[in-house]
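Asks:
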Amino acid sequence: MESGGKLIMFLSRHFEEITYALAALLSLFLGMYVIYQFKRRPLGVQVRSYVETAIGSTLLFLLLFGSTLILAIYWANYKSPYIHFDLYDSISRNANWVREDLTIYLVNDNELIALSCDGNHQEVVFTSDEEPIRQFEFSPHGRYILVSTYKKLFMIDTEEKKDWLVDQVQLPGSEEDLKGSISGISWSPAGDRFSYELSRWSNFGSQAKVYIYDINDRSKKSIDSPTRRLGTLYWDLAGENLYYLKQASSELEERQLVYKLKVYRVDLSDLKVHFVDDIMMEEENFSPIHLSLLGIKLYEPEHGLTFDRLGNQTVLKSRQGYLIGIDRYNYFFYQGKWFRRRLFRVKRDVDTSKKQTMVNAYGEHVLRQIRWTPSGRYVVMDHSYWGILIMDPRRQKVAQIYPYDVNVYGWFSEI
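For the sequence shown, the numbering used here begins at 3 and goes up steadily by one.
(1) Since Leu300 and Trp237 should fall inside the 8 Å C-beta cutoff, what is the C-beta to C-beta distance between them, to a whole number of angstroms?
(2) Is DSSP giving His143 helix, strand or coil here?
(3) Please report the straight-line C-alpha distance between Ser190 and Phe196, rounded to a whole angstrom.
(4) Strictly by DSSP, which residues pair up with Ser94?
(5) Under a three-way DSSP split, which group does Leu270 fall into?
(6) With which residues is Glu113 paired in a DSSP beta bridge?
(7) Going by Cα to Cα distance, which pick from Ser221, Val275, Lys264 and Tyr35 is closest to Leu244?
(8) Are the CB atoms of Val368 and Val348 nearer to each other than 9 Å?
(9) Whole angstroms is fine: what's the gap from Asp111's alpha carbon to Leu24's?
(10) Have a look at Val265 and Val171 and give me their C-alpha separation to the nearest angstrom.
(11) So what does DSSP say about Leu296, is it helix, strand or coil?
(12) Can you give me the C-alpha to C-alpha distance between Gln337 and Lys399, rounded to a whole angstrom?
(13) Which stretch, first to last residue, makes up the beta strand (DSSP E) that contains Glu199?
(14) Going by the DSSP bridge assignment, what does Trp166 pair with across the sheet?
(15) Leaving aside the five residues before and after Val361 along the sequence, list all residues of the same chain whose C-beta is less than 7 Å from its C-beta, in chain order.
(16) Out of Glu366, Asn218 and Asp169, state which residue places its alpha-carbon closest to the alpha-carbon of Leu200.
(17) Report the three-state DSSP secondary structure of Trp413 (helix, strand or coil).
(18) DSSP three-state call for Thr70: helix, strand or coil?
(19) Going by beta carbon distance, what residues of the same chain come within less than 8 Å of Ser141, once the five residues before and after it are set aside?
(20) How many Å lie between Tyr107 and Tyr406 at the Cα?
(21) Measuring straight from C-alpha to C-alpha, what distance separates Leu293 and Leu104?
(22) Determine the DSSP secondary structure at Phe87, reduced to helix, strand or coil.
(23) Put Leu345 into one of helix, strand or coil per three-state DSSP.
(24) Need the endpoints of the beta strand (DSSP E) that Gln371 sits in, please.
(25) In three-state DSSP terms, what is Tyr213?
(26) Using a Cβ-Cβ cutoff of less than 8 Å, which residues in the same chain neighbour Tyr215 once the five nearest sequence positions on both sides are dropped?
(27) CB-CB under 6 Å to Arg267, same chain, minus the five flanking residues each way: which ones, in chain order?
(28) Measuring only the C-alpha atoms, how far is Ser389 from Asp120?
(29) Going by C-alpha distance, which of Leu30, Glu161 and Phe128 is nearest His143?
(30) Can you tell me where the beta strand (DSSP E) with Trp189 in it begins and where it stops?
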């Protein structure tokens, strides 16, 4: 069994060389066969026989070579067990080879840290005294950063190097079971206002209010809604109105399930909620294109909250069209212009504290939050053991730029 494994590894390791050797042997055989036919027959017969032989041999050659080539491409892209490099042995502590002017913002417990792409410069931008930081979000032009814990929301002015408290969940001391959170942050197109939701709940009920915050005078105003809860808010392109939707009903029409959504508009001049229209959809999931059917153009920010963790079989594309991801066999792969290569195997961590189910039986990948940098040249990865890594998948170079596992990371880019 061990010798068979070594043979497979050898074939995989040298599959391209073997393919080229087979193609060369086929070409050599075809050439020798043609020369032999010329020497043993008269000229006229030689020409006719040569044509017939050339056609037949060419077809045979194309068939054999094409089949071998297809097999080689399939093997190299999807089945090759050959690991191109060992991640642990390849990690460098020096990333001076990185050529990208990018600041990475990362959250380590209660600190928001700004880190240069090569790891040479590091600065603590903000510290939360009481709670860990949950997430952060840039304003549309990158000047402001909203930082939220479970109960507090802070604003950072990156130009003035200032920060202040925007809002917090006020919990009466007498009610020990009362909890709260801040969520639903949504920036206006101009980046001078944003909306957010402040929620409180207990064993007896819940309460949620949505506020509009104006950065210019640092004031907030609440939205009074006729419905119990507003839901996700969407800014229009002009920044004058907010829209949200509520599912009213679902019904069967001509054997097709149709969803009825009610559209509401929040006029920011008076913060009153107005009913707009009903939308009938064949799918339950809402898309901004549904409101465009009513002539409403929504603002769609390119910069969301912090990056999501990479799930199984997720594939990410760079600006140049190159692909990275983790396949179902736990290999980290890189696909350039022509070939897809498995670079290394990604380990999994099994959380023994959780009840073992079919979902978590194999654990989570130790590589998380994998993203291309804006230039498309490098890949940034959060490793649960080795912290933040940056890699050039084409040159197979990797370096550690931050030594600790982080909660979340992200960056602002106008690209």
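Quick reminder that beta carbons are idealized off the backbone N, C-alpha and C, glycines included.
Replies: Result, derived from the coordinates:
(1) 7 Å
(2) coil
(3) 6 Å
(4) Ala401
(5) coil
(6) Asn110 and Thr129
(7) Val275
(8) yes
(9) 57 Å
(10) 29 Å
(11) coil
(12) 16 Å
(13) Arg195 to Ser204
(14) Met157
(15) Note on Val361: pLDDT 47, under 50, position unreliable in the model; no value is reported.
(16) Asp169
(17) coil
(18) helix
(19) Ile147, Leu148, Trp189, Gly193 and Phe196
(20) 14 Å
(21) 36 Å
(22) coil
(23) strand
(24) Leu369 to Trp374
(25) strand
(26) Val168, Asp169, Arg195, Phe196, Ser197, Tyr198, Ser221 and Lys222
(27) Asn243, Tyr245, His276 and Val278
(28) In the sequence under discussion, the amino acid at residue 389 is Gly, which differs from the Ser named in the question. So the two alpha carbons sit approximately 14 Å from each other.
(29) Glu161
(30) Lys181 to Trp189
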